[in-house]
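Visitor: Pasting a structure below so you can have a look.
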Amino acid sequence: MSSSFAMCVGVRQGGLLPPALFAMYIDKLIQLLKSSGFGCRYNTYTYIGCLCYADDIILISHSVTVMQNMLDLCDVFSADHDVRFNTTKSIATIGPRYDDVCADLTLTGGIVQYVQSLKIY
Numbered sequence: 081m082s083s084s085f086a087m088c089v090g091v092r093q094g095g096l097l098p099p100a101l102f103a104m105y106i107d108k109l110i111q112l113l114k115s116s117g118f119g120c121r122y123n124t125y126t127y128i129g130c131l132c133y134a135d136d137i138i139l140i141s142h143s144v145t146v147m148q149n150m151l152d153l154c155d156v157f158s159a160d161h162d163v164r165f166n167t168t169k170s171i172a173t174i175g176p177r178y179d180d181v182c183a184d185l186t187l188t189g190g191i192v193q194y195v196q197s198l199k200i201y
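One gets the numbering used here by counting positions in the sequence shown from 1 and adding 80 to each.
The following block contains the structure:
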C-alpha cells in the first residue's frame with residue numbers, strides 16, 4: 081500500500097459528489113451547443129442535439145457539416161474549460177440509407193472513426 085497523497089486536479093472516482101460536479105460542468109457544453117443552433121430538435125422546441133449519460137456524450141445532427149460545427153464547439157469548450165475529449169474512443173455513424181463516402185470529422189486534432197453501427201451496453 082502506498083502512502084497518502086493530495087489530489088490537486090480532478091475528483092475522486094466512486095464518490096457521490098463527482099457525478100453532480102460533472103453534470104454542472106458539462107451543462108455549460110450542452111448550453112453552448114443548444115444556443116448555437118446546431119444539432120437536432122424534436123417538435124421545434126426540444127433540443128436533442130446533445131445527449132449525455134454519465135461521462136458519455138452523443139451528438140446528433142442532420143449533416144456532416146453541422147456535426148463538424150458541433151465538434152468545433154466542443155474543441156473551443158475543451159480549450160476554455162481544460163476538458164479533454166478522447167478521439168481514440170470517439171466514433172461517428174451515418175444512417176443506413178447513406179452509401180457515399182463522407183468527409184473526415186475531426187475533434188481535438190484527431191480524426192473521428194466512422195463505424196457501421198453503435199454498441200449499446
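Glycine residues also receive a C-beta, built at the ideal position from the N, C-alpha and C atoms.
Can you name the start and end residues of the beta strand (DSSP E) that T186 belongs to?
Guide: For the purposes of this step, residue 186 is taken as the residue at position 106 of the sequence shown. Here the beta strand (DSSP E) through T186 covers L185 to L187.
Visitor: Three Cβ pairs or more, each shorter than 8 Å: is that satisfied between the segment 118-136 and the segment 159-169?
Guide: no
Visitor: Pull up the distance between the alpha-carbon of G190 and that of T167, whole angstroms please.
Guide: Working through the sequence shown from its first residue, we reach residue 190 at position 110. Working through the sequence shown from its first residue, we reach residue 167 at position 87. CA-to-CA, the gap between G190 and T167 works out to about 6 Å.
Visitor: At the level of alpha carbons, what is the spacing between I174 and H142?
Guide: Position 94 of the sequence shown holds residue 174. Position 62 of the sequence shown holds residue 142. So the two alpha carbons sit approximately 10 Å from each other.
Visitor: Is DSSP giving Q193 helix, strand or coil here?
Guide: Residue numbering aside, residue 193 sits at position 113 when the sequence shown is read from its first letter. In this structure, Q193 counts as strand in the three-state DSSP scheme.
Visitor: Rounded to whole angstroms, what is the Cα-Cα separation between A134 and P99?
Guide: Within the sequence shown, numbered from 1, the residue matching residue 134 stands at position 54. Within the sequence shown, numbered from 1, the residue matching residue 99 stands at position 19. So the two alpha carbons sit approximately 7 Å from each other.
Visitor: Would you please state the rounded distance, in angstroms, between the beta carbons of L151 and L112? I believe it to be under 8 Å.
Guide: As a working mapping, residue 151 is identified with position 71 in the sequence shown. As a working mapping, residue 112 is identified with position 32 in the sequence shown. Incorrect: roughly 12 Å between the Cβ atoms, too far for contact.
Visitor: Could you check whether C132 and I106 sit closer than 8 Å to each other, using their CB atoms as the reference points?
Guide: Position 26 of the sequence shown, counted from the start, is the residue given in the question as residue 106. Position 52 of the sequence shown, counted from the start, is the residue given in the question as residue 132. In this structure, C132 lies closer than 8 Å to I106 by Cβ.
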